[in-house]
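Each residue of the sequence shown is one higher than the one before, counting from 1 in this note's numbering. No residue lacks a Cβ here, since even glycine has one placed at the ideal position from N, Cα and C. Below is one structure; the comments refer to it alone.
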Amino acid sequence: MSLGINLLEYIINILSKKIPNDYQIGISDDHHRMKVDFPSGTALMLANAIAKGKNKKLASIKGKFFVNKKGNFNNNKINFFITRKGKTIGKHNILFSNNIESIELKHTAYSRELFANGALNAAIWISKKNKGLFNMQDMLGLK
């Protein structure tokens with residue numbers, strides 16, 4: 001329900017449609033030490049947006065997972081660099097990189113309040129709609 005994550009999903013979908021294939025892709029997925037799943041649902045949502053932008057299935061371009069350690073990119077794959085330490089609520093970085101430049105997009109959650117804020121905004125927005133099936137991108141006017 002994070003408004004920022006939903007905007008980031010939209011942006012990386014557009015970027016991944018245009019970025020050349022010689023760029024390596026990495027998603028950094030940082031959360032508190034008690035979070036047991038990896039990659040997080042948010043990281044998978046972002047990876048799906050990249051795959052969709054590239055007109056591919058995520059399963060065909062999902063790379064390696066590096067949990068609490070460094071790793072190297074696999075070419076033509078989405079690589080996941082996962083950290084589960086400390087009290088981090090949530091940090092996600094998306095890196096598109098080749099041997100001459102890199103583009104990095106980042107979202108940091110400072111408080112879990114952002115989830116409630118997104119849900120309240122969505123509830124207010126949908127209360128003014130007729131029946132239908134909607135998602136956060138509809139609410140943000142991104143479709």
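Output yes if chain C places a C-beta closer than 9 angstroms to the C-beta of D37; else output no. No chain C appears in this structure, which consists of one protein chain only.
Quick one: residues in its chain with C-beta nearer than 7 angstroms to the C-beta of Y23, no 5 flanking neighbours on either side, listed in chain order? F96, S97 and N98
For N75, count neighbouring Cβ atoms within 10 angstroms of its own Cβ and tell me buried if that reaches 16, exposed if not. exposed
Alpha-carbon to alpha-carbon, N93 and H107: 6 angstroms
Cα-Cα separation, S127 to K91: 31 angstroms
Let me confirm a value: N21 is counted as buried when at least 16 other C-beta atoms fall within 10 Å, else exposed. Which label applies? exposed
Best match in T88, D37, I25 and I89 for proximity to E101 [C-alpha to C-alpha]: I25
Touching or not, the region 6-19 and the region 60-67, by the rule of three or more beta carbon pairs under 8 angstroms? no
Could you tell me the distance, in whole angstroms, from the CA atom of A43 to the CA atom of I27? 7 angstroms
Quick test of your reading: K129 and Q137, contact by CB under 8 angstroms. State the CB separation rounded to the nearest angstrom. Between Q137 and K129 the Cβ distance is about 14 angstroms, and since that is not below 8 angstroms, they are no contact.
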